[in-house]
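What follows is a set of notes on a single structure, which appears directly below.
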Amino acid sequence: MKTIPYFLIATRFIFAPVIFSLAYFNGEKSQFVILTLMFIGLLTDIFDGIIARKVGVSSEKLRRLDSQVDLVFWLSLGFAAYFINPEVIKNHWQSIALIFIMEALYYIISIIKFKKETCTHAWLSKMWGLSLLIAFTYLIGFQQAGWAFYLAIFLGIVSHVDVILIILILPKWQYDIPSCYHAWNIRKGKQRKKSTLFN
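Read in order, the letters of the sequence shown are residues 14 to 212 in my numbering.
Okay, here's the thing in structure tokens:
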């Protein structure tokens, strides 16, 4: 049981190059398979943390690994969306570039301040992940942007601002910080409550 969380994370990591390759070589023909892998990947992301806590193996190492694999997984889906329908992505490149810049920014801030990458698993980031699921379903499955895309961009901006604030507020590096409000409470010396949503 203690190896299951690592197996689930590894599954998501393996899915990433498979998704990338399917989209690059098969394009629209691979839509259904890619979407299936995406939904399975989300389930592995939900249950790796739940099982890790149940069996007592949730740790800094596991949470950091989970965060980095999440990044690789969602990036592969972003590339898949581009390969399948590049025009839609090109038409919205400014907002997508903004998300990439903010993503890079909070990594840079965290490494400068703490000498470690960020690993907050914040609530707004989880909401953004769910919005990405819907947005990629539209982009990959139906070659459309629409409301799902704009919702994902909005939540992406908000969640990245939240993570940047968490990093700036925290007095020392910690993982699994639900929000900048919780980071502020930690800074004031209050005991933080562990987040359980999808951790």
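Beta carbons: idealized from backbone N, C-alpha and C, even for Gly.
This one's a predicted model, so the numbers in the text were calculated from it and none came from an experiment.
Simplified DSSP state of residue i, which is helix, strand or coil
i	result
Ser-208	Because Ser-208 sits at a pLDDT of 43, beneath the cut-off of 50, its placement in the model cannot be relied upon, and the following sentence gives the value as read from the coordinates. Of the three classes helix, strand and coil, the one that applies to Ser-208 here is coil, per DSSP.
Phe-155	coil
Ala-16	The sequence as given places Thr at residue 16; Ala does not occur at that position. Coil.
Trp-186	coil
Ser-34	helix
Lys-241	As shown, the chain starts at 14 and ends at 212. That puts residue 241 outside it, with no answer to give.
Ser-172	helix
Ser-43	helix
Burial state of residue i, where buried means 16 or more other Cβ atoms lie within 10 Å
i	result
Trp-106	exposed
Arg-25	buried
Leu-145	buried
Gly-169	buried
Leu-210	With a pLDDT of 41 at Leu-210, under the threshold of 50, the predicted position of this residue should be treated as unreliable, and no value is reported.
Asn-104	exposed
Gly-159	exposed
Ala-117	exposed
Ile-125	exposed
CA-to-CA distance, residue j to residue i, given in whole angstroms
i	j	result
Ile-63	Ala-110	33 Å
Asn-212	Asp-189	Residue placement at Asn-212 is flagged as unreliable, the pLDDT there being 47, under the threshold of 50; the coordinate-derived value follows with that caveat. Each residue's Cα considered, the two are about 8 Å apart.
Ile-9	Arg-66	Look at the range of the chain in this structure, 14 to 212, and you will see that residue 9 is not part of it.
Thr-57	Leu-21	5 Å
Within-8 Å CB hit, residue i to chain B
i	result
Ser-34	The structure shown contains no chain B, having only a single protein chain.
Segments assigned alpha helix (DSSP H), at least 4 residues, entirely inside the region 62-148: Runs found: 73-97, 99-104 and 106-127.
Three or more C-beta pairs below 8 Å linking the region 135-143 and the region 165-183: At 8 Å Cβ cutoff, the stretches touch.
Segment contact, 8 Å Cβ cut-off, at least three pairs: the region 35-53 with the region 85-94: Taking 8 Å as the limit for Cβ pairs, the verdict is that the region 85-94 does touch the region 35-53.
Three-pair Cβ contact test at 8 Å for the region 36-45 versus the region 76-86: The region 36-45 vs the region 76-86: no contact.
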